[in-house]
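S.K.: Numbering (UniProt numbering), first residue to last: 1 to 318. Cβ coordinates follow ideal geometry from the N, Cα and C atoms, glycine included.
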Amino acid sequence: MNASRTIPVRVARVEGVTQDVRRFTLECASGGRLPAYSAGSHVVVTMRGKERVWRNAYSLTTPAGARDAYQIMVRRVPQSRGGSAFMHSEVREGSELDISMPSNFFPIARRGAKHVMIAGGIGLTPFLSMLPELAQAGARVEMHLCCRPEDEASFSELIAQRTTGGIAVYTDLCDASERFGAMLARQPAGTHLYTCGPEGLMSGVASTARALGWPASHFHQESFGGGSHGAPFTAVLAQSGREVRVRSDESLLEALEREGVDAPYMCRGGACGTCALDVLEGEPDHRDFCLGEAERATGCQMLPCVSRARGERLVLNI
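(1) What residue does the alpha helix (DSSP H) around residue 183 start on, and which one ends it?
(2) Sort 101, 170 and 305 by Cα distance to residue 274 and report the nearest one.
(3) In the structure shown, what three-state DSSP assignment does residue 47 receive?
(4) Note down the Cα distance separating residue 311 from residue 54, rounded to an integer number of angstroms.
(5) At which residues does the alpha helix (DSSP H) containing residue 132 begin and terminate?
(6) Between 87, 230, 262 and 34, which has its C-alpha nearest residue 14's C-alpha?
(7) Give a yes or no on whether the C-beta atoms belonging to residue 107 and residue 31 are separated by under 8 angstroms.
(8) With respect to the alpha helix (DSSP H) encompassing residue 203, which residues constitute its N-terminal and C-terminal limits?
(9) Does any heavy atom of the ligand NAD sit closer than 7 angstroms to the C-beta of residue 190?
(10) Within 10 angstroms of its Cβ, does residue 71 collect 16 or more other Cβ (buried), or is it exposed?
(11) Below 8 angstroms between beta carbons: does that hold for residue 122 and residue 145?
(12) Restricting to Cα atoms, I'd like to know which of 62, 20, 223 and 261 is closest to residue 240.
(13) Report the option in 44, 132 and 117 whose CA atom is closest to the CA atom of residue 8.
(14) Spell out a yes or no on whether the segment 251 to 266 and the segment 288 to 298 are touching, meaning 3 or more CB-CB pairs, one atom from each, closer than 8 angstroms.
(15) When you compare the CB positions of residue 27 and residue 66, do they come within less than 8 angstroms of one another, or not?
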């Protein structure tokens, strides 16, 4: 692992939030205090199964000052690569896990005149640590939540516990520009926009914001997935000549780790750029939220935590 040292933790409590979302309370296995972190931070949880190791990033949902225990929320995804299923089926009170030091690529823009937050489903988790801090500072906050009808009551309560502002909840499918266009157009100068949720929602909000002229510096996204599934392909490691087969149910980064390749990472969600690799041959299928359009067009770099290959083969400078 290259996201700095790991911390052994013990699962102190497991609670059901919705039918397929559980909250895990993690305490330091040695009994000490956990590292401090800022609102919007996440940790990477290492889960060791009998035949496979998963490393998934989860937002910390406790207030930023909490150091006696961390809390994360995990939604069980039926067709995921298996990490969420492991957390739901194998992890219970008393289980021990390893987590990374907290990292934050989704911080609060503290000079923002106003903060508009759009969450999709389990994408509400990073906002749960941000809302109390903004409320304490007396900041102007506008919260929008898109979720399934069966999750509305539980998710709305989680948000209401952390903010004095109102919540707009949507349980029906709708185009992002139709739903949020007018709202984004009327925001005052200096407003910052934050989104976290499914790729379709985030890309729709991003397109709408760009069309309305929102400055890139005032638009923030967080993602913890998107690269796990796709057609299998072969990655050729140019520095050694080794070939690594990337399965359809794993990311390129996971395949490199499976083969013992020392590949750097931090967010594992295509947001920070730490894992970027140079592409010598082949065409990447970009799924990140980090590289700009010009960088993508060159095809010279890719983020293996989420991006894949458009063809059957990529040659990487690693």
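M.R.: Taking the definition as stated:
(1) 176 to 185
(2) 305
(3) strand
(4) 26 angstroms
(5) 125 to 136
(6) 87
(7) no
(8) 199 to 211
(9) This structure does not include the ligand NAD; it has no bound ligands of any sort.
(10) buried
(11) no
(12) 261
(13) 44
(14) no
(15) no
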